[in-house]
Every structure is written in structure tokens, then in C-alpha cells.
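Asks: Can you keep this structure in mind? I'll have questions shortly.
2 protein chains.
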Amino acid sequence: MPYRTKKKPPAKAVAPDGTFAMGETTDRLLTPGEVAHIFGVDPKTVNRWSLTGKIPSIRTPSGQRRYRQSDINQLISTDRG
Amino acid sequence: MPYRTKKKPPAKAVAPDGTFAMGETTDRLLTPGEVAHIFGVDPKTVNRWSLTGKIPSIRTPSGQRRYRQSDINQLISTDRG
DNA sequence: GGTTAATTGGGTAATTTGGGGC
DNA sequence: GTTGTCCAAATTACCCAATTAA
């Protein structure tokens, strides 16, 4: 999967009729490559972060890792040090 | 994770945050696209999982696959490693 | 009926994984 | 202690057109 940055349409999670747009909502899962692109590191480094408990990860039934966008956003904080 | 749709899914089964309503839609069958969204993969990958025996699937009379929520829930687990 | 979106199957390219060593 | 790279095997993504579902 290439490091594709797909633009998200205006996030409209739940419509008035109770329906919602699939796949474009708040908590989509990111691939290691996407997270790596965000932080500017190697995908393997991202996996190391999950190994050391720095990022929670979800496994596909075949063992690949996926990361919650909310978890990633939590790590992105402006640093003044 | 190229699965995206601008229209409403068949019904509200899995909320954008990944949760679901227990008392209401527990036994509803999920489409490949919905399961794909949960795991952050392509719908075809989900079908591949059923072909390799990782997920039991149910077929519509026309041959399309559907998945039980209970089967999917069993596979979801946060991973530390 | 008619429109739109999702699913399916096949083929091929790209990504991910784990280990090892720098 | 952390990160980047090389490797082979496994897994997944994207392409297409036809079928099915809503």
C-alpha cells in the first residue's frame, strides 16, 4: 500500500436519518506505512513502538497491525522542550 | 484501505467508532465492506479470510458473503506485540 | 423499472512481517 | 537504547468487468 493521502470529505459521522458514512469517519485504522509517513520514520519503527507498548495496535486475523487514528493523534502533541 | 462509500450502509450495524448496539443488532449479518472497515482492510481481503477458514461466512442465495457479528467480535483484540 | 453503490472473481503490484546485523 | 536497511515469505491492495443489492 503506497503512502497515499486520501482526502477526507467533510466528516459527517451520523446523518439525521441515523445513517453514517462508512470508512470516512473518525476512527479509521491506519496501516504501519501510513503511520510511518505521518511521523517520518520507517514502518518497522512504528511496529517497534507497538512492541514496546508505546502505541496500541490491532491485529488482522492474519497478523498484520493496524493503528487507530485516535491513538496516533494522541501522540502528536506540540513539544516545547 | 480503499473502502469508502458516500451512501448509507444496509443498516446501522457498526458505528463509526467501532462499537455496536448489542441488544439491537447482535445477530445482524455484516457485509464484507463493514467487516473490512472494522479491520482496516480491503473487502476482498475479508473474503479471503473466509476462504482460508479464518472467518465463517454465510452466503446469500446469490452467492454473496455475509458475516456474523459474533464471529467478528471474537477476532478483535488489542495487541501488545 | 431505473439508478447508484457494493460485491465478486482473476490477475498483478505493493506492503507487511520477523529475524538478523550494522 | 533507538533507528534504518537487507532478506524471504506471507499478506494485502489495486486494476478490470460483470453481477447483486438497496
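Chains A and B are the protein sequences, given in the same order. Numbered according to the numbering used here, the first sequence spans residues 973 to 1053. Numbered according to the numbering used here, the second sequence spans residues 973 to 1053. Yeah, the Cβ is synthetic: ideal placement off N, Cα and C, and Gly gets one too. This one's a predicted model, so the numbers in the text were calculated from it and none came from an experiment.
Within 8 angstroms: the Cβ of residue 1030/A and any heavy atom of the ligand SAM?
Replies: This structure simply doesn't include the ligand SAM, nor any ligand for that matter.
Asks: In terms of residues, what are the limits of the alpha helix (DSSP H) holding residue 1022/B?
Replies: Taken as a continuous stretch (DSSP letters only), the alpha helix (DSSP H) holding residue 1022/B covers 1015-1023.
Asks: Flag this pair as yes or no: are the beta carbons of residue 1009/B and residue 1000/A separated by less than 9 angstroms?
Replies: In contact: residue 1009/B and residue 1000/A (Cβ atoms closer than 9 angstroms).
Asks: Rounded to a whole number of angstroms, what is the C-alpha to C-alpha distance between residue 1002/A and residue 1033/B?
Replies: For residue 1002/A and residue 1033/B, the distance between alpha carbons rounds to 34 angstroms.
Asks: Quick check on the burial criterion: 16 or more other C-beta atoms within 10 angstroms. Buried or exposed for residue 1012/B?
Replies: Label assigned to residue 1012/B: buried.
Asks: Can you list, in chain order, the residues of its chain whose CB lies under 7 angstroms from that of residue 1019/B, leaving out five sequence neighbours each side?
Replies: So the list reads 1004 and 1037, once near-sequence residues are dropped.
Asks: Taking the beta carbon of residue 1041/B as the centre, do at least 16 other beta carbons fall within 10 Å, making it buried, or is it exposed?
Replies: Flag for residue 1041/B reads buried.
Asks: First and last residue of the alpha helix (DSSP H) that includes residue 1042/B?
Replies: Per DSSP, residue 1042/B belongs to the alpha helix (DSSP H) from 1041-1047.
Asks: Would DSSP call residue 1027/A helix, strand or coil?
Replies: Residue state, collapsed to three classes: coil.
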